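The next block holds one structure in the form of C-alpha cells; read it before the comments.
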Amino acid sequence: MSNSNPLKRLMEAAASAQPSVAKRPKSAHGNSAVSPWKNVLRQYIDRPEQFGAEVVLENTADYVLIRDAYPKASVHLLAIARTCAAPDVLALNRSHLALLEKLLDVAVRTKAAHPAKTLRVGFHAVPSMAHLHMHLIADDFVSDSLKTKQHWNTFTTAFFIPLEKAIADIAEFGSVQADKSELELLLKRPLACHKCGFKPSNMPLLKKHLLEHVRLAENTKNH
Numbered sequence: 017m018s019n020s021n022p023l024k025r026l027m028e029a030a031a032s033a034q035p036s037v038a039k040r041p042k043s044a045h046g047n048s049a050v051s052p053w054k055n056v057l058r059q060y061i062d063r064p065e066q067f068g069a070e071v072v073l074e075n076t077a078d079y080v081l082i083r084d085a086y087p088k089a090s091v092h093l094l095a096i097a098r099t100c101a102a103p104d105v106l107a108l109n110r111s112h113l114a115l116l117e118k119l120l121d122v123a124v125r126t127k128a129a130h131p132a133k134t135l136r137v138g139f140h141a142v143p144s145m146a147h148l149h150m151h152l153i154a155d156d157f158v159s160d161s162l163k164t165k166q167h168w169n170t171f172t173t174a175f176f177i178p179l180e181k182a183i184a185d186i187a188e189f190g191s192v193q194a195d196k197s198e199l200e201l202l203l204k205r206p207l208a209c210h211k212c213g214f215k216p217s218n219m220p221l222l223k224k225h226l227l228e229h230v231r232l233a234e235n236t237k238n239h
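Next comes the structure, spelled out in C-alpha cells:
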C-alpha cells in the first residue's frame, strides 16, 4: 500500500537525493585529511565520469550539473562552471553573459522537471567553495543537512543573489550591484521564516515550522 503521509514522503525523497559517493572525496594522494574542502568541486570538473548518472546530471563544455552532496532541501543541485576563472558572481562581467544565459537554460529545464517545487536559482555572494557554481534549490528547505543559522541565511537573505539579478545587473552596469561586506553581515541576522516572517529562537524550531508550511501546501493541493 502506498505511503499516504505527505511529510514522510517528502523526508524520504530528501534522504534519497543524497548521492552515493564519498562526501569528502580523497585527494590524488589518497588522503582525505589533506584534501582542501574549498576545492572539493574541482573533481566534478576534472573527472565527472567517475561519479555516475545519479550524481552528475549533465556534463557539457561549459558546466557540470550535479546533485549537492549535502543538500539543504528536497531538491538541491549545483551547476559548476567549467572554464570560468571568476571566483564568484560578484567578479563576473559582460564577457560572462553567454555562460549565464546557458545557466538560465539549465534553470528553466530544472524547474520544468520539478513542477511541484518552487526553486530558488542563484549564487552565494561569498561562496564557501572555489569554482563558480550556481545553486538550484527547492524552497521547502527540508533536509537533515540544513543545520545552522548560516546555512539558512545564505539561501534566504540578499546574500543569495538570483541568477536573474546577476544577468540584469551585468547587462546594464557591467557587474552585479552589491556590497560584499554588507551582504556578509546578513549571515548573522536572526532566524526568520522566508514565507511568513516567523522568528524562531533556534534551528530545530525553524525546521519544525517549515514542515508546517509543507503540510499546508499539501493540504491546499489536495483540496
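Letter by letter, the sequence shown follows residues 17 to 239 of this note's numbering. Beta carbons are placed, not taken as given, at the ideal position from N, Cα and C, and that holds for glycine. All values derive from a computational prediction rather than experimental measurement.
About 5 Å separates the Cβ atoms of Ser90 and Ala154, confirming a contact at the 8 Å cut-off. According to the DSSP assignment, Pro220 belongs to no beta strand (DSSP E) but to the alpha helix (DSSP H) extending over 219-237. In this structure, the CA atom of Thr99 is about 19 Å from the CA atom of Ser144.
Across the structure, Ala233 and Phe157 are spaced so that their CA atoms are roughly 14 Å apart.
For Val80, the uninterrupted beta strand (DSSP E) run begins and ends at 79-83, by DSSP. Under the three-state reduction of DSSP output, Ala154 falls in the strand class. When only Cα atoms are considered, Lys224 and Leu116 end up about 36 Å apart. Distances from the CA of Val80 to each of Lys88, Gln59, Tyr86 were compared; the closest alpha carbon is that of Gln59. For Glu70, there is no enclosing alpha helix (DSSP H), as DSSP gives it neither H nor E.
Arg98 carries a coil assignment under DSSP once its states are collapsed to helix, strand and coil. In the three-state DSSP reduction, Leu203 falls in the helix class (H, G or I). By the 16-neighbour rule on beta-carbons within 10 angstroms, Gly68 is exposed. Under the three-pair Cβ rule at 8 Å, the region 121-132 does not count as touching the region 163-174. With a cutoff of 8 Å on beta-carbon distance, Leu119 and Ala95 are scored as near each other. The beta-carbon distance between Asp104 and Leu148, rounded to whole angstroms, is 7 Å. This is short enough to meet the 8 Å contact definition.
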